[in-house]
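Residue numbers (my numbering), protein chains in the order written: chain A, 568 to 894; chain B, 116 to 375.
Note that beta-carbon positions come from the ideal geometry of N, C-alpha and C, so glycine has one too.
All figures in this text were calculated on a predicted structure; none of them were measured in a lab.
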């Protein structure tokens, strides 16, 4: 079809460590590259000390783009740098994470390369016969899934957090490191990040918590969320919320779980007064066990829950907290 | 400030999940018994435009692309307070993928001209991709900011608060620019009676594919299959006469199963 060959993964890093989603990207990237009988390349922006972490996670080649203009994240500069790297590497598949950055990098990068991205994939496979990438992504707020095929190269995708498995780190792996100079100048940046504000609540991070206690529209107030917080603290967990609860300002927007919020996979997800819309379930269906408290027996959340109580949370929760303390 | 807002007519995403059905022959989805709506994320974009207009004046033009656009649906942004509605309505648009949609909208935006800002929803509630806005920006060669929760326009620049997973970034961009708007912008206003009456008097401008010079031959993706993942419900309900009793039984069960 074209002279594009191999798979490339853009690896995001923070504090000298590549993100888990980058390791997951390398995991699926390795599988796809093997299915095609081709190489797996990784692209990183910044530090070369990351190269070894990337090679042990599955890459054959690591392309490092290092430039003073790329020290802090600026979307315009990063897109131009990635565009340059992709033109040089010419991979037929490019994988990014569906992260804060991936959401803006992938569509714009694709447009510049005369192709289009498929966002938020949960399954990727090489089509038998066609050798094109079969890209499965949730649509209709999670009500359905679509299998998409991209006709143009490179086939650019973002992958959903925790949807793909990382490979076991193999310290015997060897790889090649190649430097790319992006040749950027300051005029590349037209929309500039001038301040970064962290609003995250104190305590265990929602993404990292083993137990998440989440509340929905039915909680009805800031005070209601204080009760959820009490249970979360008791269970050494974090508090999450559905979109209506955040839209009503009962809790910070950063607590939102769902398609347009965080996608998490805790051991236990306690859903309190959450109806379980598909868009919310997209964010928590990776939980090992879902426990639901809802007064509506027909609520969608009970189709996903392993354990449930049909009842008014205002009566259920205090008794539940009391008993958990006793046991 | 002249603002163009792109909105999409979609099946109602707020309808109960049980009413969601797929016609496998055509690979199309519907919400049984629910009328189409303006995409809620698009409504947030309309709200953002109206907030800017409230603060500094200007004109808000709404653009929508599709087939079988129901007038009572696509006129809602007018009833909310927008000034003008351009419909890109043509049978050939039924075949649009993300790329072609963005291309057609970019062509229409160029034809319209005289704009300072283009707003889109953060994503459409059917495709959940969030690509149309960014692709329009790339086609037009203008800056792009996604996931806005607050906009403040200056003379030739705009300041945007951009949502991220740990808070927000403050971004300054030159104009014209494309900005996608997230739900954190705040509840979209309801149409007032006065607004509804005013909207009735505004005739939408209709452009066909030929009016904007759209060829539609360069589809980049195809939908191979649309399906509903199967869910097996296996919820174990805690027994009890009262909510308190059920709560106690739930706690005991979770402790015994070593889940908590």
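- In this structure, A:878 is the residue among A:856, A:853, A:878 with its C-alpha nearest to the C-alpha of residue 865 of chain A.
- Its chain contains 811 as the residues whose beta carbon lies nearer than 6 Å to that of residue 784 of chain A, once the 5 sequence neighbours on both sides are disregarded; these appear in chain order.
- Listed in chain order, the beta strand (DSSP E) elements of length 3 or more contained wholly in the region 229 to 278 of chain B are 232 to 236, 259 to 268.
- Chain B has a Cβ within less than 9 Å of the Cβ of residue 887 of chain A.
- For residue 761 of chain A, the secondary structure class from DSSP, reduced to helix, strand or coil, is strand.
- When the five nearest sequence neighbours on each side are left out, the beta carbons in the same chain lying within less than 6 Å of the beta carbon of residue 821 of chain A are those of 766, 767, in order along the chain.
- Cβ contact annotation for residue 779 of chain A (same chain, cutoff 6 Å, sequence separation greater than five): 804, 805, 807, 833, 836, in chain order.
- Between the region 359 to 366 of chain B and the region 885 to 892 of chain A there are three or more C-beta pairs closer than 8 Å, enough to call the two in contact.
- Using a Cβ distance threshold of 9 Å, residue 850 of chain A and residue 737 of chain A do not count as a contacting pair.
- Exposure of residue 186 of chain B is indicated by the presence of fewer than 16 other C-beta atoms within 10 angstroms of its C-beta.
- Boundaries of the beta strand (DSSP E) around residue 782 of chain A: 778 to 782.
- Here DSSP, grouped into helix, strand and coil, assigns residue 181 of chain B to strand.
- The Cβ atoms of residue 861 of chain A and residue 841 of chain A sit closer than 9 Å to each other.
- The beta carbon of residue 644 of chain A sits closer than 7 Å to those of 636, 637, 751, 755, 756, all from its chain and outside the five residues before and after it, given in chain order.
- According to the DSSP assignment, residue 809 of chain A belongs to no alpha helix (DSSP H), since it is labelled neither H nor E.
- Only 339, 340, 341, 342, 343, 344, 346, 347, 348, 349, 350, 351, 352, 353, 355, 357, 358, 359, 360, 361, 362 from the region 339 to 362 of chain B bring a Cβ to less than 9 Å from some Cβ of chain A.
- Within chain A, the residues whose beta carbon sits less than 7 Å from that of residue 242 of chain B are 706, listed in sequence order.
- Listed along chain B, the residues sitting closer than 9 Å to residue 761 of chain A by beta-carbon distance are 274, 284, 285, 286, 287.
- Contact of residue 874 of chain A with chain B by beta-carbon distance below 9 Å involves 350, 351, 352, 353, 365, 368, 369, 372, 374.
- The Cβ atoms of residue 177 of chain B and residue 257 of chain B lie no closer than 9 Å to each other.
- Taking the Cα positions, residue 362 of chain B is about 30 Å away from residue 826 of chain A.
- From the beta-carbon of residue 237 of chain B, the residues of chain A found nearer than 8 Å are 827.
- Considering only A:847, A:702, A:794, A:732, the residue with the shortest C-alpha distance to residue 880 of chain A is A:794.
- Below 8 Å, enough C-beta pairs join the region 147 to 165 of chain B and the region 235 to 254 of chain B to call them touching: three or more.
- Residue 312 of chain B counts as exposed, since fewer than 16 other beta carbons sit within 10 angstroms of its beta carbon.
- With contacts defined by Cβ atoms closer than 9 Å, residue 721 of chain A and residue 712 of chain A do not form a contacting pair.
- DSSP, read as helix, strand or coil, puts residue 640 of chain A in coil.
- Separation of residue 581 of chain A and residue 355 of chain B (C-alpha to C-alpha, rounded to the nearest whole angstrom) is 49 Å.
- Those residues of the region 124 to 151 of chain B placed with their C-beta closer than 7 Å to a C-beta in chain A are 128, 132, 135, 137, 144, ordered along the chain.
- For residue 314 of chain B, the enclosing alpha helix (DSSP H) has its first and last residue at 308 to 316.
- The beta-carbon of residue 259 of chain B is placed less than 9 Å from the nearest beta-carbon of chain A.
- Residue 715 of chain A is bridged by DSSP to A:702, B:338.
- Secondary structure of residue 696 of chain A (DSSP, three-state): coil.
- DSSP, reduced to helix, strand and coil, places residue 856 of chain A within a strand of the structure shown.
- Exclusion of the five residues before and after residue 353 of chain B leaves 361, 362, 364, 365, 368 as the residues of its chain whose Cβ lies within less than 8 Å of its Cβ.
- Annotated three-state conformation of residue 207 of chain B is helix, per DSSP.
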